[in-house]
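With positions in the sequence shown counted from 1, the corresponding number in the working numbering is that position plus 1397. Glycine included, every Cβ here is placed at the ideal spot set by N, Cα and C. Please read all numbers here as calculations on a predicted model, not as lab measurements.
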Amino acid sequence: MKRKMLTLTMATVIGAGTSFIPFSKAFADEQIQNIQQKQSKIQTSISSKQSKIETILQNQQQLQDDINSINKKVTQTNQQIADKEQQVKDTKAEVAKLNSKIKETQKRIDDRNKVLSERARDIQKNGGSVNYLDVILEAKSLSDLISRSSAVATFVKADSEILKAQEQDKKLLKQQQDQVNEKLNNIQSSLNDLKQLKESIKYQLADQKSMMQALDEQKQSIASEISNLKAQASSLNAQEKQALKQLEKEQAETKKEETKTAEDQSTTSTNSSSNDNSDQTVQTSDDSNNNNSSDQSSSSNDSSTHVSNDKGSTSSSSGSNHSSNNQPSRSHATATSKGGSSTIEAAISAGSTLIGHSPYKFGGGRTASDIANHLFDCSSFVHWAFAQAGVNLGGAGANTDTLVGLGTPVSPSELKRGDLVFFDTYKTNGHVGIYLGNGSFLDDNSSHGVSVDSMNNPYWKSAFNGVARRVIN
(Lines of atoms letter the chains of each structure in order from A and count residues from 1; the text may use other names and numbers.)
(Lines give C-alpha, C1' and ligand atoms only; values in the text may rest on other atoms or scores of the structure.)
Protein backbone atom coordinates (compact mmCIF):
# COMPACT_ATOMS: atom_id res chain seq x y z
CA MET A 1 0.00 0.00 0.00
CA LYS A 2 2.78 2.38 0.90
CA ARG A 3 4.62 1.53 -2.34
CA LYS A 4 1.52 2.37 -4.35
CA MET A 5 1.19 5.65 -2.52
CA LEU A 6 4.82 6.41 -3.26
CA THR A 7 4.38 5.66 -6.95
CA LEU A 8 1.27 7.81 -7.10
CA THR A 9 3.05 10.62 -5.28
CA MET A 10 6.07 10.54 -7.60
CA ALA A 11 3.82 10.47 -10.67
CA THR A 12 2.09 13.55 -9.33
CA VAL A 13 5.43 15.29 -8.80
CA ILE A 14 6.60 14.40 -12.31
CA GLY A 15 3.26 15.50 -13.76
CA ALA A 16 3.47 18.80 -11.95
CA GLY A 17 7.01 19.33 -13.21
CA THR A 18 6.20 18.52 -16.82
CA SER A 19 3.02 20.66 -16.77
CA PHE A 20 5.25 23.74 -16.68
CA ILE A 21 7.05 22.75 -19.88
CA PRO A 22 4.19 23.19 -22.39
CA PHE A 23 3.24 26.54 -20.87
CA SER A 24 6.75 28.04 -21.19
CA LYS A 25 7.30 26.61 -24.67
CA ALA A 26 3.86 27.72 -25.84
CA PHE A 27 4.51 31.23 -24.56
CA ALA A 28 7.88 31.40 -26.33
CA ASP A 29 6.42 29.90 -29.51
CA GLU A 30 3.65 32.49 -29.43
CA GLN A 31 6.18 35.27 -29.08
CA ILE A 32 8.22 33.96 -32.00
CA GLN A 33 5.10 33.50 -34.11
CA ASN A 34 3.97 37.07 -33.41
CA ILE A 35 7.43 38.38 -34.30
CA GLN A 36 7.46 36.38 -37.53
CA GLN A 37 4.01 37.67 -38.47
CA LYS A 38 5.19 41.25 -37.91
CA GLN A 39 8.32 40.52 -39.96
CA SER A 40 6.16 39.16 -42.78
CA LYS A 41 3.95 42.27 -42.75
CA ILE A 42 6.98 44.56 -42.73
CA GLN A 43 8.55 42.66 -45.62
CA THR A 44 5.29 42.86 -47.57
CA SER A 45 5.12 46.61 -46.89
CA ILE A 46 8.75 47.05 -47.97
CA SER A 47 8.08 45.15 -51.20
CA SER A 48 4.99 47.28 -51.86
CA LYS A 49 6.87 50.53 -51.29
CA GLN A 50 9.79 49.35 -53.42
CA SER A 51 7.26 48.63 -56.16
CA LYS A 52 5.93 52.19 -55.76
CA ILE A 53 9.46 53.56 -56.07
CA GLU A 54 9.92 51.46 -59.22
CA THR A 55 6.72 52.95 -60.64
CA ILE A 56 7.88 56.46 -59.71
CA LEU A 57 11.22 55.84 -61.41
CA GLN A 58 9.40 54.70 -64.56
CA ASN A 59 7.20 57.80 -64.45
CA GLN A 60 10.25 59.97 -63.93
CA GLN A 61 11.94 58.35 -66.92
CA GLN A 62 8.87 59.07 -69.02
CA LEU A 63 8.80 62.64 -67.73
CA GLN A 64 12.51 63.01 -68.47
CA ASP A 65 11.93 61.75 -72.00
CA ASP A 66 9.12 64.30 -72.35
CA ILE A 67 11.34 67.06 -70.95
CA ASN A 68 14.14 66.09 -73.36
CA SER A 69 11.64 66.16 -76.22
CA ILE A 70 10.34 69.57 -75.12
CA ASN A 71 13.89 70.90 -74.73
CA LYS A 72 14.59 69.68 -78.26
CA LYS A 73 11.50 71.55 -79.45
CA VAL A 74 12.70 74.64 -77.59
CA THR A 75 16.08 74.41 -79.34
CA GLN A 76 14.43 73.91 -82.72
CA THR A 77 11.97 76.75 -82.10
CA ASN A 78 14.73 79.10 -81.00
CA GLN A 79 16.65 78.21 -84.15
CA GLN A 80 13.55 78.79 -86.28
CA ILE A 81 12.96 82.12 -84.57
CA ALA A 82 16.59 83.08 -85.22
CA ASP A 83 16.17 82.05 -88.88
CA LYS A 84 12.95 84.04 -89.19
CA GLU A 85 14.55 87.07 -87.59
CA GLN A 86 17.39 86.77 -90.11
CA GLN A 87 14.78 86.51 -92.87
CA VAL A 88 13.19 89.68 -91.53
CA LYS A 89 16.57 91.45 -91.80
CA ASP A 90 17.10 90.09 -95.32
CA THR A 91 13.57 91.05 -96.30
CA LYS A 92 14.07 94.53 -94.94
CA ALA A 93 17.19 94.78 -97.13
CA GLU A 94 15.08 93.63 -100.09
CA VAL A 95 12.44 96.14 -99.12
CA ALA A 96 15.06 98.85 -99.13
CA LYS A 97 16.08 97.83 -102.66
CA LEU A 98 12.47 97.64 -103.77
CA ASN A 99 11.80 101.03 -102.27
CA SER A 100 14.74 102.35 -104.26
CA LYS A 101 13.26 100.83 -107.44
CA ILE A 102 9.88 102.19 -106.49
CA LYS A 103 11.45 105.65 -106.24
CA GLU A 104 13.02 105.20 -109.67
CA THR A 105 9.70 104.06 -111.13
CA GLN A 106 7.93 106.91 -109.45
CA LYS A 107 10.56 109.33 -110.89
CA ARG A 108 9.95 108.04 -114.41
CA ILE A 109 6.22 108.46 -113.94
CA ASP A 110 6.75 111.98 -112.65
CA ASP A 111 9.05 112.81 -115.57
CA ARG A 112 6.51 111.59 -118.08
CA ASN A 113 3.81 113.52 -116.32
CA LYS A 114 6.04 116.57 -116.68
CA VAL A 115 6.49 115.94 -120.42
CA LEU A 116 2.77 115.48 -120.87
CA SER A 117 2.14 118.66 -118.92
CA GLU A 118 4.53 120.62 -121.15
CA ARG A 119 2.89 119.14 -124.23
CA ALA A 120 -0.47 120.23 -122.91
CA ARG A 121 0.87 123.78 -122.33
CA ASP A 122 2.22 123.91 -125.89
CA ILE A 123 -1.10 122.81 -127.27
CA GLN A 124 -2.78 125.45 -125.18
CA LYS A 125 -0.46 128.11 -126.57
CA ASN A 126 -1.36 127.06 -130.13
CA GLY A 127 -5.03 127.65 -129.75
CA GLY A 128 -5.97 124.93 -127.37
CA SER A 129 -5.80 121.98 -129.76
CA VAL A 130 -3.65 120.39 -132.44
CA ASN A 131 -5.24 118.67 -135.45
CA TYR A 132 -2.63 116.40 -137.01
CA LEU A 133 -4.78 116.18 -140.20
CA ASP A 134 -4.63 119.96 -140.62
CA VAL A 135 -0.88 119.79 -140.24
CA ILE A 136 -0.66 117.27 -143.09
CA LEU A 137 -3.12 119.12 -145.36
CA GLU A 138 -1.16 122.36 -144.98
CA ALA A 139 1.78 120.78 -146.79
CA LYS A 140 2.98 122.98 -149.73
CA SER A 141 4.75 120.28 -151.65
CA LEU A 142 5.08 116.57 -151.85
CA SER A 143 8.31 116.55 -149.88
CA ASP A 144 6.72 118.80 -147.27
CA LEU A 145 3.78 116.44 -147.10
CA ILE A 146 6.12 113.52 -146.53
CA SER A 147 8.02 115.42 -143.81
CA ARG A 148 4.83 116.50 -142.12
CA SER A 149 3.40 112.97 -142.24
CA SER A 150 6.62 111.54 -140.75
CA ALA A 151 6.61 114.15 -137.97
CA VAL A 152 3.00 113.51 -137.11
CA ALA A 153 3.66 109.75 -137.01
CA THR A 154 6.60 110.36 -134.70
CA PHE A 155 4.55 112.53 -132.34
CA VAL A 156 1.69 110.04 -132.23
CA LYS A 157 4.07 107.14 -131.61
CA ALA A 158 5.86 109.09 -128.89
CA ASP A 159 2.64 109.98 -127.16
CA SER A 160 1.49 106.36 -127.34
CA GLU A 161 4.77 105.03 -126.00
CA ILE A 162 4.74 107.54 -123.16
CA LEU A 163 1.26 106.54 -122.14
CA LYS A 164 2.06 102.85 -122.47
CA ALA A 165 5.24 103.16 -120.42
CA GLN A 166 3.33 105.15 -117.88
CA GLU A 167 0.79 102.38 -117.47
CA GLN A 168 3.48 99.71 -117.25
CA ASP A 169 5.38 101.61 -114.58
CA LYS A 170 2.24 102.17 -112.56
CA LYS A 171 1.48 98.46 -112.75
CA LEU A 172 5.07 97.60 -111.78
CA LEU A 173 4.90 100.02 -108.92
CA LYS A 174 1.80 98.32 -107.53
CA GLN A 175 3.34 94.85 -107.96
CA GLN A 176 6.49 95.91 -106.14
CA GLN A 177 4.54 97.44 -103.28
CA ASP A 178 2.31 94.36 -102.99
CA GLN A 179 5.39 92.11 -103.04
CA VAL A 180 7.01 94.05 -100.21
CA ASN A 181 3.88 93.99 -98.10
CA GLU A 182 3.31 90.27 -98.71
CA LYS A 183 6.86 89.34 -97.71
CA LEU A 184 6.71 91.41 -94.56
CA ASN A 185 3.30 90.04 -93.59
CA ASN A 186 4.31 86.41 -94.19
CA ILE A 187 7.51 86.64 -92.20
CA GLN A 188 5.87 88.56 -89.38
CA SER A 189 3.06 85.99 -89.21
CA SER A 190 5.58 83.12 -89.08
CA LEU A 191 7.57 84.92 -86.42
CA ASN A 192 4.44 85.46 -84.30
CA ASP A 193 3.50 81.77 -84.65
CA LEU A 194 6.96 80.72 -83.49
CA LYS A 195 6.84 83.06 -80.51
CA GLN A 196 3.43 81.66 -79.52
CA LEU A 197 4.82 78.13 -79.87
CA LYS A 198 7.75 79.08 -77.65
CA GLU A 199 5.34 80.46 -75.03
CA SER A 200 3.29 77.24 -75.13
CA ILE A 201 6.42 75.09 -74.81
CA LYS A 202 7.51 77.19 -71.82
CA TYR A 203 4.30 76.27 -69.95
CA GLN A 204 4.64 72.59 -70.89
CA LEU A 205 8.24 72.47 -69.72
CA ALA A 206 7.35 74.13 -66.42
CA ASP A 207 4.54 71.60 -65.85
CA GLN A 208 6.86 68.66 -66.56
CA LYS A 209 9.55 69.98 -64.21
CA SER A 210 6.99 70.55 -61.44
CA MET A 211 5.74 66.97 -61.77
CA MET A 212 9.33 65.69 -61.75
CA GLN A 213 9.98 67.57 -58.51
CA ALA A 214 6.81 66.13 -56.95
CA LEU A 215 7.89 62.59 -57.92
CA ASP A 216 11.31 63.22 -56.36
CA GLU A 217 9.63 64.22 -53.10
CA GLN A 218 7.41 61.12 -53.18
CA LYS A 219 10.42 58.91 -53.86
CA GLN A 220 12.37 60.41 -50.95
CA SER A 221 9.37 60.01 -48.63
CA ILE A 222 8.90 56.34 -49.58
CA ALA A 223 12.66 55.69 -49.26
CA SER A 224 12.51 57.12 -45.74
CA GLU A 225 9.56 54.84 -44.90
CA ILE A 226 11.45 51.82 -46.24
CA SER A 227 14.44 52.76 -44.08
CA ASN A 228 12.19 52.91 -40.99
CA LEU A 229 10.62 49.56 -41.87
CA LYS A 230 14.05 47.95 -42.24
CA ALA A 231 15.00 49.31 -38.83
CA GLN A 232 11.83 47.74 -37.39
CA ALA A 233 12.67 44.45 -39.14
CA SER A 234 16.17 44.51 -37.63
CA SER A 235 14.69 45.11 -34.18
CA LEU A 236 12.27 42.20 -34.65
CA ASN A 237 15.13 39.93 -35.71
CA ALA A 238 16.94 40.78 -32.49
CA GLN A 239 13.76 40.04 -30.49
CA GLU A 240 13.34 36.73 -32.30
CA LYS A 241 16.91 35.70 -31.47
CA GLN A 242 16.38 36.69 -27.84
CA ALA A 243 13.15 34.67 -27.68
CA LEU A 244 14.86 31.61 -29.19
CA LYS A 245 17.73 31.97 -26.76
CA GLN A 246 15.29 32.18 -23.83
CA LEU A 247 13.41 29.15 -25.11
CA GLU A 248 16.63 27.12 -25.35
CA LYS A 249 17.54 28.20 -21.81
CA GLU A 250 14.14 27.14 -20.47
CA GLN A 251 14.33 23.82 -22.29
CA ALA A 252 17.80 23.17 -20.81
CA GLU A 253 16.54 23.99 -17.31
CA THR A 254 13.50 21.77 -17.84
CA LYS A 255 15.71 18.90 -18.98
CA LYS A 256 17.92 19.42 -15.95
CA GLU A 257 14.89 19.30 -13.63
CA GLU A 258 13.65 16.12 -15.33
CA THR A 259 17.05 14.48 -14.81
CA LYS A 260 17.13 15.50 -11.16
CA THR A 261 13.55 14.26 -10.66
CA ALA A 262 14.48 10.89 -12.17
CA GLU A 263 17.49 10.65 -9.85
CA ASP A 264 15.36 11.56 -6.85
CA GLN A 265 12.81 8.92 -7.85
CA SER A 266 15.51 6.27 -8.06
CA THR A 267 16.93 7.23 -4.66
CA THR A 268 13.49 7.34 -3.05
CA SER A 269 12.61 3.91 -4.47
CA THR A 270 15.79 2.43 -2.99
CA ASN A 271 15.28 3.94 0.43
CA SER A 272 11.57 2.99 0.62
CA SER A 273 12.37 -0.69 1.32
CA SER A 274 14.53 0.03 4.40
CA ASN A 275 11.83 0.63 7.03
CA ASP A 276 8.25 1.72 7.60
CA ASN A 277 9.27 4.90 9.30
CA SER A 278 11.07 5.97 6.16
CA ASP A 279 7.93 5.17 4.18
CA GLN A 280 5.94 7.32 6.47
CA THR A 281 8.43 10.10 6.08
CA VAL A 282 8.33 9.77 2.32
CA GLN A 283 4.57 9.71 2.39
CA THR A 284 4.53 12.86 4.47
CA SER A 285 7.02 14.42 2.08
CA ASP A 286 4.90 13.32 -0.83
CA ASP A 287 1.85 14.89 0.72
CA SER A 288 3.76 18.08 1.04
CA ASN A 289 4.85 17.81 -2.58
CA ASN A 290 1.28 17.17 -3.60
CA ASN A 291 0.22 20.34 -1.87
CA ASN A 292 3.02 22.25 -3.58
CA SER A 293 2.05 20.76 -6.93
CA SER A 294 -1.54 21.75 -6.35
CA ASP A 295 -0.46 25.29 -5.47
CA GLN A 296 1.74 25.44 -8.56
CA SER A 297 -1.07 24.19 -10.78
CA SER A 298 -3.43 26.76 -9.26
CA SER A 299 -0.83 29.48 -9.80
CA SER A 300 -0.35 28.30 -13.38
CA ASN A 301 -4.10 28.44 -13.99
CA ASP A 302 -4.26 31.92 -12.47
CA SER A 303 -1.45 33.05 -14.74
CA SER A 304 -3.19 31.51 -17.75
CA THR A 305 -6.41 33.26 -16.82
CA HIS A 306 -4.54 36.55 -16.43
CA VAL A 307 -2.99 36.24 -19.87
CA SER A 308 -6.35 35.39 -21.36
CA ASN A 309 -7.93 38.42 -19.72
CA ASP A 310 -5.13 40.68 -20.96
CA LYS A 311 -5.65 39.48 -24.51
CA GLY A 312 -9.35 39.99 -24.20
CA SER A 313 -8.75 43.50 -22.99
CA THR A 314 -6.37 44.18 -25.88
CA SER A 315 -8.82 42.73 -28.36
CA SER A 316 -11.58 44.87 -26.94
CA SER A 317 -9.40 47.95 -27.10
CA SER A 318 -8.39 47.14 -30.67
CA GLY A 319 -12.01 46.61 -31.60
CA SER A 320 -12.87 49.95 -30.09
CA ASN A 321 -10.17 51.67 -32.14
CA HIS A 322 -11.22 49.86 -35.28
CA SER A 323 -14.78 50.96 -34.75
CA SER A 324 -13.61 54.49 -34.24
CA ASN A 325 -11.44 54.48 -37.36
CA ASN A 326 -14.21 53.15 -39.56
CA GLN A 327 -16.75 55.78 -38.72
CA PRO A 328 -17.88 57.45 -41.96
CA SER A 329 -16.05 60.70 -42.51
CA ARG A 330 -18.03 63.81 -43.27
CA SER A 331 -17.71 65.16 -46.77
CA HIS A 332 -16.83 68.84 -47.00
CA ALA A 333 -17.62 69.13 -50.71
CA THR A 334 -20.21 71.72 -51.48
CA ALA A 335 -22.51 72.15 -54.43
CA THR A 336 -23.41 75.61 -55.66
CA SER A 337 -23.13 78.01 -52.73
CA LYS A 338 -25.35 81.03 -52.42
CA GLY A 339 -22.90 83.68 -51.33
CA GLY A 340 -23.51 86.47 -53.82
CA SER A 341 -21.04 88.90 -55.31
CA SER A 342 -19.57 89.87 -51.92
CA THR A 343 -18.34 86.30 -51.36
CA ILE A 344 -16.94 86.14 -54.90
CA GLU A 345 -15.09 89.43 -54.42
CA ALA A 346 -13.75 88.25 -51.05
CA ALA A 347 -12.34 85.10 -52.67
CA ILE A 348 -10.82 87.01 -55.60
CA SER A 349 -9.42 89.64 -53.24
CA ALA A 350 -7.77 86.98 -51.08
CA GLY A 351 -6.28 85.24 -54.11
CA SER A 352 -5.06 88.52 -55.61
CA THR A 353 -2.95 89.26 -52.53
CA LEU A 354 -0.66 86.39 -53.58
CA ILE A 355 0.01 87.66 -57.12
CA GLY A 356 3.78 87.64 -57.56
CA HIS A 357 4.29 86.30 -54.02
CA SER A 358 3.35 82.62 -54.33
CA PRO A 359 5.57 80.25 -56.33
CA TYR A 360 3.89 77.21 -57.85
CA LYS A 361 4.39 73.80 -56.18
CA PHE A 362 2.98 70.68 -57.83
CA GLY A 363 0.89 68.90 -55.18
CA GLY A 364 1.39 71.78 -52.76
CA GLY A 365 -1.09 73.56 -50.49
CA ARG A 366 -2.19 70.43 -48.64
CA THR A 367 -0.08 70.73 -45.50
CA ALA A 368 0.02 73.41 -42.82
CA SER A 369 3.61 74.22 -43.79
CA ASP A 370 2.77 74.71 -47.48
CA ILE A 371 -0.23 76.87 -46.69
CA ALA A 372 1.77 78.99 -44.24
CA ASN A 373 4.45 79.52 -46.91
CA HIS A 374 1.88 80.07 -49.70
CA LEU A 375 3.07 77.09 -51.72
CA PHE A 376 0.08 75.98 -53.82
CA ASP A 377 -0.77 74.25 -57.04
CA CYS A 378 -3.70 75.44 -59.17
CA SER A 379 -6.48 73.51 -57.38
CA SER A 380 -5.25 74.06 -53.81
CA PHE A 381 -4.89 77.79 -54.57
CA VAL A 382 -8.51 78.00 -55.77
CA HIS A 383 -9.65 76.04 -52.69
CA TRP A 384 -7.64 78.35 -50.39
CA ALA A 385 -8.96 81.55 -52.00
CA PHE A 386 -12.59 80.49 -51.59
CA ALA A 387 -11.90 79.20 -48.07
CA GLN A 388 -10.80 82.74 -47.13
CA ALA A 389 -14.31 83.83 -48.17
CA GLY A 390 -15.94 81.09 -46.06
CA VAL A 391 -16.66 78.69 -48.95
CA ASN A 392 -15.39 75.11 -48.65
CA LEU A 393 -14.79 73.56 -52.08
CA GLY A 394 -14.44 69.84 -51.45
CA GLY A 395 -12.08 69.73 -48.48
CA ALA A 396 -8.36 70.37 -48.10
CA GLY A 397 -7.50 67.57 -50.53
CA ALA A 398 -9.45 69.15 -53.40
CA ASN A 399 -8.01 68.69 -56.88
CA THR A 400 -9.16 69.52 -60.40
CA ASP A 401 -11.06 66.22 -60.64
CA THR A 402 -13.12 67.03 -57.53
CA LEU A 403 -13.54 70.75 -58.33
CA VAL A 404 -14.93 70.01 -61.80
CA GLY A 405 -17.66 67.96 -60.12
CA LEU A 406 -18.90 70.88 -58.01
CA GLY A 407 -21.39 73.62 -58.83
CA THR A 408 -23.31 73.83 -62.10
CA PRO A 409 -21.94 73.75 -65.67
CA VAL A 410 -21.61 77.11 -67.41
CA SER A 411 -21.17 77.72 -71.14
CA PRO A 412 -18.28 79.99 -72.23
CA SER A 413 -20.74 82.62 -73.46
CA GLU A 414 -22.33 82.83 -69.98
CA LEU A 415 -19.16 83.09 -67.90
CA LYS A 416 -19.40 85.39 -64.89
CA ARG A 417 -16.84 86.71 -62.44
CA GLY A 418 -16.06 84.00 -59.87
CA ASP A 419 -16.76 80.98 -62.11
CA LEU A 420 -14.15 78.21 -62.23
CA VAL A 421 -12.57 77.67 -65.65
CA PHE A 422 -10.72 74.43 -66.53
CA PHE A 423 -7.97 73.79 -69.07
CA ASP A 424 -6.60 70.62 -70.67
CA THR A 425 -2.88 70.86 -69.86
CA TYR A 426 -0.97 67.71 -68.87
CA LYS A 427 -4.34 65.93 -68.67
CA THR A 428 -8.03 66.66 -69.30
CA ASN A 429 -9.13 69.43 -66.91
CA GLY A 430 -5.60 69.46 -65.54
CA HIS A 431 -5.61 73.18 -64.67
CA VAL A 432 -8.17 75.46 -62.99
CA GLY A 433 -8.50 79.19 -62.40
CA ILE A 434 -11.04 81.81 -61.22
CA TYR A 435 -12.66 83.79 -64.04
CA LEU A 436 -12.34 87.57 -63.55
CA GLY A 437 -14.25 88.82 -66.57
CA ASN A 438 -13.13 90.40 -69.86
CA GLY A 439 -11.36 87.19 -70.88
CA SER A 440 -8.95 87.11 -67.92
CA PHE A 441 -8.62 84.67 -65.01
CA LEU A 442 -6.72 84.36 -61.72
CA ASP A 443 -4.68 81.19 -61.32
CA ASP A 444 -1.54 79.56 -59.95
CA ASN A 445 0.50 78.18 -62.86
CA SER A 446 3.86 76.50 -63.12
CA SER A 447 5.44 79.33 -65.11
CA HIS A 448 4.52 82.45 -63.13
CA GLY A 449 2.98 81.20 -59.88
CA VAL A 450 -0.13 83.14 -58.82
CA SER A 451 -0.90 85.57 -61.64
CA VAL A 452 -3.63 87.01 -63.87
CA ASP A 453 -3.64 85.40 -67.33
CA SER A 454 -5.58 86.00 -70.51
CA MET A 455 -7.80 83.32 -72.00
CA ASN A 456 -6.83 84.78 -75.38
CA ASN A 457 -3.22 83.79 -74.79
CA PRO A 458 -2.53 81.16 -77.49
CA TYR A 459 -1.57 78.52 -74.92
CA TRP A 460 -4.64 78.97 -72.69
CA LYS A 461 -6.92 79.48 -75.69
CA SER A 462 -5.90 76.13 -77.16
CA ALA A 463 -6.17 74.41 -73.75
CA PHE A 464 -9.67 75.74 -72.92
CA ASN A 465 -12.40 73.40 -74.16
CA GLY A 466 -15.34 75.27 -72.69
CA VAL A 467 -15.42 73.52 -69.28
CA ALA A 468 -16.55 75.90 -66.53
CA ARG A 469 -18.43 75.57 -63.23
CA ARG A 470 -20.39 78.11 -61.17
CA VAL A 471 -19.90 77.40 -57.47
CA ILE A 472 -21.43 80.64 -56.17
CA ASN A 473 -24.67 82.18 -57.42
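So the alpha helix (DSSP H) residue i belongs to, where does it begin and stop?
{"i": "His1780", "result": "Cys1775 to Gln1785"}
{"i": "Ile1869", "result": "No alpha helix (DSSP H) contains Ile1869, which DSSP labels as neither H nor E."}
{"i": "Ile1745", "result": "Gly1737 to Ser1749"}
{"i": "Ser1810", "result": "No alpha helix (DSSP H) contains Ser1810, which DSSP labels as neither H nor E."}
{"i": "Leu1800", "result": "Thr1797 to Leu1800"}
Where DSSP assigns a beta bridge to residue i, which residues make up the other side?
{"i": "Tyr1832", "result": "Phe1838"}
{"i": "Leu1817", "result": "Ile1831 and Arg1866"}
{"i": "Tyr1757", "result": "Phe1773"}
{"i": "Ser1848", "result": "Asp1840"}
{"i": "Phe1424", "result": "In DSSP, Phe1424 forms no bridge with anything."}
What is the DSSP secondary structure of residue i, counted as helix, strand or coil?
{"i": "Asp1683", "result": "At Asp1683, the pLDDT of 48 sits below 50, so the modelled position is not reliable and the matter cannot be decided from this model."}
{"i": "Ser1442", "result": "helix"}
{"i": "Ala1452", "result": "Ala is not the amino acid found at residue 1452; the sequence shown has Thr there. If DSSP states are grouped into helix, strand and coil, Thr1452 belongs with the helices."}
{"i": "Thr1805", "result": "strand"}
{"i": "Val1704", "result": "With a pLDDT of 33 at Val1704, under the threshold of 50, the modelled position of that residue is not reliable, and the figure given next carries that caveat. Note: Val1704 maps to helix in three-state DSSP."}
{"i": "Pro1855", "result": "helix"}
For residue i, would you say it is in contact with chain D, using Cβ-to-Cβ distances shorter than 8 Å as the test?
{"i": "Ile1619", "result": "Protein chain content of the structure displayed is limited to a single chain, and chain D is not contained in it."}
Report yes if the C-beta distance between residue i and residue j is below 8 Å; otherwise report no.
{"i": "Arg1866", "j": "Gly1834", "result": "no"}
{"i": "Asp1841", "j": "Phe1783", "result": "no"}
{"i": "Ile1752", "j": "Val1829", "result": "no"}
{"i": "Val1492", "j": "Leu1594", "result": "no"}
{"i": "Tyr1823", "j": "Asp1604", "result": "yes"}
{"i": "Gly1836", "j": "Met1852", "result": "yes"}
{"i": "Tyr1600", "j": "Ser1844", "result": "yes"}
{"i": "Phe1759", "j": "Gln1610", "result": "yes"}
{"i": "Gly1832", "j": "Leu1812", "result": "Going by the sequence as given, residue 1832 is Tyr instead of Gly. Yes."}
{"i": "Leu1569", "j": "Thr1488", "result": "no"}
{"i": "Ala1747", "j": "Val1788", "result": "no"}
{"i": "Ile1623", "j": "Lys1446", "result": "yes"}
{"i": "Ile1443", "j": "Leu1626", "result": "yes"}
{"i": "Ala1630", "j": "Gln1436", "result": "yes"}
{"i": "Lys1481", "j": "Ser1597", "result": "no"}
{"i": "Glu1647", "j": "Ile1432", "result": "no"}
{"i": "Ile1467", "j": "Leu1602", "result": "yes"}
{"i": "Ile1450", "j": "Ala1620", "result": "yes"}
{"i": "Gln1574", "j": "Ile1506", "result": "no"}
{"i": "Ala1640", "j": "Gln1457", "result": "no"}
{"i": "Gln1565", "j": "Arg1509", "result": "no"}
{"i": "Ile1584", "j": "Val1512", "result": "no"}
{"i": "Leu1817", "j": "Leu1800", "result": "yes"}
{"i": "Leu1790", "j": "Val1847", "result": "no"}
{"i": "Thr1740", "j": "Ala1795", "result": "no"}
{"i": "Gly1792", "j": "Asp1774", "result": "no"}
{"i": "Lys1592", "j": "Ile1453", "result": "no"}
{"i": "Ile1464", "j": "Lys1571", "result": "no"}
{"i": "Asp1821", "j": "Ala1860", "result": "yes"}
{"i": "Leu1644", "j": "Ala1423", "result": "no"}
Whole runs of the beta strand (DSSP E) within the segment 1590-1656, excluding any shorter than 3 residues: none
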